[in-house]
DNA sequence: GTATTTGAAATCATATACGATCTCGCGGAG
DNA sequence: CTCCGCGAGATCGTATATGATTTCAAATAC
């Protein structure tokens, strides 16, 4: 019997909802403050509200969405302190991830990473922030993909997801930081090649993130003193 | 109108289920491998399966429960590698948490912590593992409660929760480790009092956890070479 | 004109119902 | 005796329905 019962994808509807919403947040269709209405999303996806609710709860656990009882969910609005917390945590886990991965990184990996970094350098004069950020992610992914501790890798990914919510604040917008960043990348590669002590590498990687954070904070402070995004109101008939 | 509609507690049913299950895991009513059946738990709590499901999903996200589609949930069985991952992550976040908290720790905090540690020392001769573990938690809680970064504090708590699932492997069972541990505690307190550099403190705190991990692993390896807990079967009529 | 009340719409929260899927024991074939 | 297929029961997954709660704006009082 080749009768497909409607579960051909093998993907549960809650999983589907989860990925759909996450994608919308990633590509900025749903910007911070956007109200996520269970029924509306369910209708759009052709599922009921229950699986959508579950998906939103998962996104809440990951810090991408805030959820208030009897009120609803909205894409997380990360204000400055929250941003600082995330970046600080990220600096720590990225540092450890880099140090733990190092012994497993091959010469080929280094070469790949260096190629990516070269491409970033090529962008320095004529900056394409979106592509630059993408390359930056790719660079660090190469460094991390060998991390032997999946929990730490997971924490890194969670941090990145949260960062993605505010991708417009991407560091590549901060003048001068991009140039510093690629230099630090090369430094990291050399430390790995030299088989530097784990702690040296960890602190270098941590400082790399911390430097980005400080630069971004200083920049934001001087340009957008007090930006409070409006929360979208409830729809009325 | 003093008509209470049945929501007097202000606790949603999914939240209630979450806390109830978590408590059962903590006090070892539900041991690793225990099957969590949505309907059965719901009936016991007087709620339907939907909120129970949501609660279980949250516990899954925290790593306390595993959930398989169309099969069900059971309390996570943490085998050695998984245990190592958790401990390693915990050592990192506890290290950072300690270092970040230090500047905010008062003399009174130190005194409290030292009292707790004294009580632990008193237990050294006549070891009560359960109480010892409790005191250990209290000691570190005092050190962490001033942590300015709630994300990192949250990671510490998650790690502790996971450790609690396998509390029988508590470090206080490892001969000699308890004595080492309280000595390290005193050392940490002195580092804080001396206002040591953040990195010094961080690494000391990290080593404290790492030492526990290593001792426990060595001990387990020599005593329980291959312990595979049985998964409880589905109930039949 | 401003503050307060009030009611209807929107939305969340969960119980119930039902279909889908997995598990496990039983019985027959080899 | 062992292996395989099958079917009943258990359980999950989600649609639907309904109650509870919040929000918003218009109407009212001052």
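Chains as they are written, first to last, in the working numbering: chain A, 1 to 237; chain B, 238 to 474.
Virtual Cβ for every residue (Gly too), placed ideally from N, Cα, C.
A quick note: this is a predicted structure, and the numbers were derived from the prediction, not measured.
Since residue i and residue j are thought to touch, with beta carbons under 8 Å apart, how far apart are those beta carbons, to the nearest angstrom?
i, j, result
"residue 335/B", "residue 380/B", "6 Å"
"residue 330/B", "residue 396/B", "7 Å"
"residue 32/A", "residue 105/A", "So it is not a contact: roughly 35 Å between Cβ atoms."
"residue 57/A", "residue 67/A", "7 Å"
"residue 253/B", "residue 282/B", "7 Å"
"residue 76/A", "residue 95/A", "No, residue 76/A and residue 95/A are not in contact; Cβ-Cβ is about 25 Å, not under 8 Å."
"residue 306/B", "residue 48/A", "About 18 Å; that fails the 8 Å criterion."
"residue 449/B", "residue 414/B", "6 Å"
For a quick check, are the C-beta atoms of residue i and residue j less than 7 Å apart?
i, j, result
"residue 121/A", "residue 189/A", "no"
"residue 206/A", "residue 86/A", "no"
"residue 148/A", "residue 191/A", "no"
"residue 61/A", "residue 298/B", "yes"
"residue 74/A", "residue 18/A", "no"
"residue 208/A", "residue 184/A", "yes"
"residue 116/A", "residue 138/A", "yes"
"residue 21/A", "residue 55/A", "yes"
"residue 440/B", "residue 339/B", "no"
"residue 38/A", "residue 53/A", "yes"
"residue 215/A", "residue 174/A", "yes"
"residue 51/A", "residue 14/A", "yes"
"residue 361/B", "residue 416/B", "yes"
Which partner residues of residue i appear in the DSSP bridge assignment?
i, result
"residue 74/A", "35/A, 66/A"
Which stretch, first to last residue, makes up the alpha helix (DSSP H) that contains residue i?
i, result
"residue 138/A", "129-144"
"residue 421/B", "414-430"
"residue 51/A", "49-61"
"residue 150/A", "150-165"
"residue 361/B", "No alpha helix (DSSP H) contains residue 361/B, which DSSP labels as neither H nor E."
"residue 249/B", "First-last for residue 249/B: undefined, no H or E at that position."
"residue 106/A", "Per DSSP, residue 106/A belongs to no alpha helix (DSSP H) and is neither H nor E."
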